[in-house]
Amino acid sequence: MKSERKRSGHFHPLQLQKRSKEGASMLAPVNQRGLQSSNSGENLNSGLSGEVRVRTATSSDRGEKDMLDPENGMSAYPEKKTYQTAAYHRGSPVMRFLTSLDPKLVYFIIAVVCVLALVMGYQTSTTVFLILLTCLGMLNFAVYLAQWVLAKDEGTSDMTEVSEAIRDGAEGFFRTMYGTISKLACVLSVAIFVLYLFRPPTPEQIAAGLTPMTLAVVTTMSFLLGAFCSGLSGYIGMWVSVRANVRVAGAARRTAREALQVALRSGGFSGIMVVGMTVLGIGILFSTFFVFFGVGEPGNMKVND
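In case it helps, the UniProt record's numbering puts the sequence shown at residues 1 to 305.
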């Protein structure tokens, strides 16, 4: 009977358990350090050809988990999680520039821009002033929503690992996309400048003191301001969204209500940012044209000129 079992490849459950324990004990050194040949191309210390060296196991070795740990099917190598977002940010020129700025200086510049926008809006009309004030209030509320969402926990370590991979992918995608968009924006801004430089001015523009050079510069700056507001709102919305998804999953472990709150507030942040930045940019442009060129005043250029 025993010879038949051996020939047929079937063993008693106790024999299988004993063999699995023996295999796990034999793989204990691999479970601690991992083995690698020096001929594999790794940057190890020089030695004899064919010499076996040790290295730290990484998560890339998890593909051999079924073969290396026959007892429970788990990876024989210890988990080593790598988070590349911080390194990526250090390698990104935009992130290096942003992280090098003094927060107090950034807040001061934002405050000065907001005060100037409100002053020009008040000189334009009460309606424009209220619109600009509402936009600034919307942006402040969006900042509150982002702080509330980012204050939530990211869940378990496995959820954090997946979230870090999503962040790296999103950062790489936006880096490529915004690189292309910035190049196209530069080309279009040059084309707009040349087009308006050689475009004959209308009588209303001449009466308002708008020379072709002034009109070309103002139109080009208007285009660049719109591109900046659009790009900034899109990037900030993406930045919060890729960090909110893991917090939604983490909140779902507790209650569905909390997960729904995190999801709605993170989405509301993106929507408020887009609308607020768009209307704020248009309001600043209209106020600038009114204060410096008299657009909309009686006897000067009309709004549709």
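Glycine included, each C-beta is placed from N, C-alpha and C at the ideal position.
Proline 103 - DSSP class collapsed to helix/strand/coil: Of the three classes helix, strand and coil, the one that applies to proline 103 here is helix, per DSSP.
Three-state secondary structure (DSSP) at glycine 155? coil
Methionine 277 classed as buried or exposed, judged by whether at least 16 other C-beta atoms fall within 10 angstroms: buried
Cβ of glycine 250 within 8 Å of Cβ of methionine 159? yes
Starting from serine 287, trace the alpha helix (DSSP H) both ways and give me its first and last residue. Its alpha helix (DSSP H) spans residues 256-293.
Give the secondary structure of glycine 209 by DSSP, where H, G and I count as helix, E and B as strand, and everything else as coil. Secondary structure at glycine 209: coil, using DSSP grouped into helix, strand and coil.
Nearest-angstrom Cα separation, counted from leucine 224 out to threonine 124: Cα-Cα distance, rounded: 23 Å.
Selection from Ser230, Phe289 and Thr156 that minimises the alpha carbon distance to residue 308: Residue 308 lies beyond the range of the chain shown here (1 to 305); nothing can be said about it.
Straight-line gap, phenylalanine 286 to valine 162 (C-alpha atoms, nearest Å): 45 Å
Kindly give me the distance between the Cβ atoms of cysteine 135 and glycine 283, rounded to whole angstroms, as I take these residues to be in contact under 8 Å. 7 Å
Beta carbon proximity, phenylalanine 269 to chain D, threshold 8 Å: This model lacks chain D altogether; it includes just one protein chain.
At the level of alpha carbons, what is the spacing between leucine 145 and methionine 138? 11 Å
Delimiting residues of the alpha helix (DSSP H) encompassing phenylalanine 129: 126-150
Excluding five sequence neighbours on each side, which residues of the same chain lie with their C-beta closer than 7 Å to the C-beta of serine 222? Leu285
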